[in-house]
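> Sharing a structure, written as structure tokens. Questions coming.
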Amino acid sequence: MDSVNIICMKWGDKFPAEYVNRLYGMVSHNLSLPFRFVCFTENDSGIRNEVEIQPLPKLDLPVNLADAPERG
Numbered sequence: 002m003d004s005v006n007i008i009c010m011k012w013g014d015k016f017p018a019e020y021v022n023r024l025y026g027m028v029s030h031n032l033s034l035p036f037r038f039v040c041f042t043e044n045d046s047g048i049r050n051e052v053e054i055q056p057l058p059k060l061d062l063p064v065n066l067a068d069a070p071e072r073g
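Each residue of the sequence shown is one higher than the last, beginning at 2 in the working numbering.
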């Protein structure tokens, strides 16, 4: 059976590593397929070992993007 890739991004300090860890835990608990969990970040401190860390690529995003209101 093929595995599923789960990708998240964490940048800046608005959200701590616990958000990535919690997301991993929820995916692990609810997904019955084999999966690969990858987090793109510039700071992997505190992220659990089961998460594959990749360097955050250079993106041309507005500096204040993390402070933008959520759309829902």
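Glycine included, every Cβ here is placed at the ideal spot set by N, Cα and C.
Bear in mind the structure is a predicted one, so any value in this text is a computation, not a measurement.
1. In this structure, does DSSP put glycine 73 in helix, strand or coil?
2. Going by the beta-carbon positions, is the gap between asparagine 22 and arginine 49 smaller than 7 Å?
3. Which class does valine 28 belong to by DSSP, given the choice of helix, strand or coil?
4. Between which residues of its own chain and threonine 42 is the CB-CB distance below 6 Å, once the five residues before and five after are set aside?
5. Could you check how far apart the C-beta atoms of phenylalanine 16 and valine 28 are, in whole angstroms? I think they sit under 8 Å.
If we stick to the structure as given:
1. Confidence is the limiting factor: at glycine 73 the pLDDT is only 49, short of 50, which leaves the residue's position unreliable, though a coordinate-based value still follows. In the structure shown, glycine 73 falls within a coil segment according to DSSP collapsed to helix, strand and coil.
2. Contact flag set, yes.
3. Helix at valine 28.
4. Lys11, Leu57
5. Between phenylalanine 16 and valine 28 a beta carbon distance of about 17 Å is seen, past the 8 Å cut, so the two are scored as non-contacting.
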